[in-house]
Every structure is written in C-alpha cells, then in structure tokens.
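Visitor: 497 is the number that the working numbering gives the last residue of the sequence shown; the numbers go up by one with no jumps.
Quick reminder that beta carbons are idealized off the backbone N, C-alpha and C, glycines included.
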Amino acid sequence: MQPREKIAFLASTAPIAQEAQKALSKAHGAVPPEDSDVIVALGGDGFMLQTLHGTQDLDKPVYGMNCGTVGFLMNEYAEAGLLQRLEEASEEVINPLHMRAIGSDGKVHEALAINEVSLIRAGPQAAKLRISVDGKVRMDELVCDGALVATPAGSTAYNYSAHGPILPIGSDVLALTAMSAFRPRRWRGALLPKSARVRFDVLEPSKRPVMADADSRSNHGVISVEIRSEPSVRHRILFDPGHGLEERLIREQFV
243 MQPREKIAFL
253 ASTAPIAQEA
263 QKALSKAHGA
273 VPPEDSDVIV
283 ALGGDGFMLQ
293 TLHGTQDLDK
303 PVYGMNCGTV
313 GFLMNEYAEA
323 GLLQRLEEAS
333 EEVINPLHMR
343 AIGSDGKVHE
353 ALAINEVSLI
363 RAGPQAAKLR
373 ISVDGKVRMD
383 ELVCDGALVA
393 TPAGSTAYNY
403 SAHGPILPIG
413 SDVLALTAMS
423 AFRPRRWRGA
433 LLPKSARVRF
443 DVLEPSKRPV
453 MADADSRSNH
463 GVISVEIRSE
473 PSVRHRILFD
483 PGHGLEERLI
493 REQFV
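1) Are the Cβ atoms of E330 and L487 separated by less than 8 Å?
2) Is it right to say D414 is buried, meaning 16 or more other beta carbons lie within 10 angstroms of its own, or is it exposed?
3) If I measure Cβ to Cβ from L315 and keep anything under 7 Å in the same chain, skipping five residues before and after, which residues do I get?
4) What does the Cβ neighbour count give for S448, buried or exposed, with the cut at 16 atoms within 10 Å?
5) Look up M290 in the DSSP assignment and give the residues it is bridged to.
6) Can you tell me which of the three DSSP states K370 falls into?
7) Out of T293, S278, F442, S332, which one is the CA nearest neighbour of A389?
8) Kindly indicate which three-state DSSP category P257 falls into: helix, strand or coil?
9) Taking DSSP's pairing of strands, which residues face T419 in a bridge?
10) Go ahead and pull the three-state DSSP assignment for R493.
11) Which same chain residues, not among the five before or five after R430, have their C-beta less than 8 Å away from its C-beta?
12) Would you kindly work out how many angstroms separate the C-alpha atoms of N357 and I469, rounded to a whole number?
13) List the residues that DSSP assigns as beta-bridge partners of A283.
14) To the nearest angstrom, how far is it from the Cα of P473 to the Cα of F481?
15) Going by beta carbon distance, what residues of the same chain come within less than 6 Å of L266, once the five residues before and after it are set aside?
16) Let me check one thing: in DSSP terms, what residues is A432 bridge-paired to?
17) Please work out which residues of its chain come closer than 6 Å, Cβ to Cβ, to R425, disregarding the five sequence neighbours upstream and downstream, and give them in chain order.
18) Should the segment 343-359 be regarded as contacting the segment 270-283, the criterion being three or more beta carbon pairs within less than 8 Å?
19) Count the other CB atoms, across all protein chains shown, that sit within 10 Å of the CB of K370; report buried if there are 16 or more and exposed otherwise.
20) Counting along the chain, where does the alpha helix (DSSP H) carrying L324 start and finish?
21) With a threshold of 7 Å on Cβ separation, who are the neighbours of T505 within its own chain once the five nearest residues in sequence on each side are excluded?
22) Buried or exposed, going by whether 16 or more other CB atoms sit within 10 Å of the CB of P435?
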C-alpha cells in the first residue's frame with residue numbers, strides 16, 4: 243500500500259471524537275480533505291456515512307476510527323501507529339443506492355444511500371405497498387409497517403434489525419426486506435440482483451401516509467419510490483487487515 247502522508251481528520255460533534263481530532267492533528271498534521279491522500283473519520287457509523295456522502299466527489303479513501311457506539315464501518319481507535327495502519331489497510335469499494343421518490347405534491351426527491359432506502363408508515367395505520375421489480379409487479383399489496391432495500395454493506399444495519407439476511411460483500415445482490423409484515427403474513431422479503439430496479443407504490447396514501455428514508459434523510463408523504471444501485475459512485479473504505487467488511491459480515495452471523 244502506498245504511503246499516505248497527507249491526512250485529513252474529520253470528527254463528529256461528540257466530545258471524545260473532537261478530542262481525538264485535536265490529538266491526531268497535533269501528532270500528524272492535518273490538511274483539508276480535497277488535499278489529502280486519505281481521510282480519517284472519527285465517530286460512529288452515522289458519522290462515517292456522513293463523511294462518505296460528503297466526500298464522494300473526491301475519490302479519496304476513508305479510514306474510520308470508532309469514537310461512537312457500534313462502529314461496524316469503523317476500525318478500533320488508537321492514537322499510536324496510525325501511519326503504519328493506514329499503509330497496511332485493505333480497501334473495500336462499495337456502490338450506493340439511488341432513490342427517486344415522488345411526493346403527494348408532485349415534487350421529486352432524489353438521494354443516495356450507502357446502507358438502505360426504507361419506506362416507513364407515517365401514521366397510525368399500517369402501510370399498503372405495491373412492489374414492482376424491473377417493471378413487473380411482483381406483489382400487488384404488502385400490508386406492513388414498512389419495507390426497505392439494503393446493500394451488502396448496509397445489510398447488518400436496519401435490514402438486520404428487521405430480520406433481513408446478511409449479504410456478503412461482492413455478492414452483487416440487494417436485500418428487499420419487510421418490516422412487521424401483516425399480509426402476506428410473515429413475508430420476510432426477497433434477494434434481488436444488484437442490477438434490479440425496485441419500485442414501491444403507496445396505496446391509499448392519504449389514509450396510510452408513508453415516509454421514504456435514504457440513510458436517515460427523510461421525505462414525508464411519498465406516493466412512489468424507485469430504487470436502483472448507482473455504480474457510477476464508488477465509496478472507498480479502508481480497514482485494518484483481517485477486519486474488513488467481508489470478515490465482519492461473516493462474524494456477525496455467528497454471534
């Protein structure tokens with residue numbers, strides 16, 4: 243791995259992350275992200291997603307160090323030996339999802355999601371969704387609290403909490419997972435090829451309002467949502483040897 247001499251340190255607002263940024267910047271110097279060889283993100287998984295979204299046009303590798311809670315996308319935090327860890331790190335390249343949501347007012351909302359795009363009921367009654375894949379209706383009516391499409395990188399996040407499958411990195415599949423499906427009863431979802439285009443149409447939207455969420459960025463009152471993988475956007479994530487996404491995804495299935 244080539245030396246990474248110029249480092250940009252970005253930190254969440256958490257006090258522990260702010261202190262880490264000060265200490266590491268003092269020890270190694272710091273440059274703006276656009277001038278760096280590598281970006282070091284200090285925080286939790288939410289901040290890592292924020293960093294990846296915010297720097298996606300720079301084509302810079304991002305190395306996360308956990309100053310948060312779960313830290314699935316992060317490496318362990320340690321001040322010592324950072325330069326060596328960066329040189330020895332392995333790189334994973336992931337593609338986000340593209341969401342195109344249409345609101346009841348006719349406005350179009352577009353966003354990218356590294357983990358998942360989810361539709362969630364926004365009222366007291368269950369949502370009713372029609373699901374189409376590549377232009378063909380696959381389910382006329384899903385009555386549920388919501389549904390989501392997850393990438394392999396995001397399959398251990400919201401998708402896993404909703405009892406969706408864990409997807410190995412490089413499997414070129416997406417997970418379509420229902421949340422608390424009422425009808426069809428106990429329907430758990432489907433595995434789809436990465437090239438699939440998924441469309442959700444919201445049935446009875448005024449009576450059963452639905453919000454669409456792309457990596458925690460929400461749009462309320464949607465009537466349809468289209469989701470596809472976006473191969474033109476590449477996120478480069480660095481991991482310590484033996485602790486990459488592939489290993490983490492496997493490990494999560496045995497705990």
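Guide: The relevant details are as follows:
1) No; because the gap between Cβ atoms is not below 8 Å, this pair is not in contact.
2) D414 comes out exposed.
3) Cβ neighbours of L315 beyond the five flanking positions: D287, M290, G306, I479.
4) Around the beta carbon of S448, a 10 Å sphere encloses fewer than 16 other beta carbons of the protein chains shown; the residue is thus reported as exposed.
5) Partner(s): none; M290 has no beta bridge.
6) Shown here, K370 sits in a strand according to DSSP, grouped into three states.
7) Selected option, being the one with the closest Cα: F442.
8) Helix.
9) The partner list for T419 (beta bridge, DSSP) reads L390.
10) DSSP places R493 in helix when its eight states are reduced to three.
11) Taken in chain order, the residues that qualify are H405, G406, T419, A420, A423.
12) In this model, N357 and I469 are separated by some 12 Å (Cα to Cα).
13) The partner list for A283 (beta bridge, DSSP) reads L252, G306.
14) So the alpha carbons of these two residues sit roughly 21 Å apart.
15) Cβ within range, chain order: F251.
16) Beta-bridge pairing links A432 to L418.
17) Around R425: V385.
18) With a cut-off of 8 Å, the segment 270-283 and the segment 343-359 do not count as touching, because too few Cβ pairs lie within range.
19) Buried, since its Cβ has 16 or more Cβ neighbours within 10 Å.
20) For L324, the uninterrupted alpha helix (DSSP H) run begins and ends at 324-330, by DSSP.
21) Past the boundaries of the shown model lies residue 505; the chain is included only from 243 to 497, so the question cannot be answered.
22) Counting every other CB atom within 10 Å of its CB across the protein chains shown gives P435 a total below 16, marking it as exposed.
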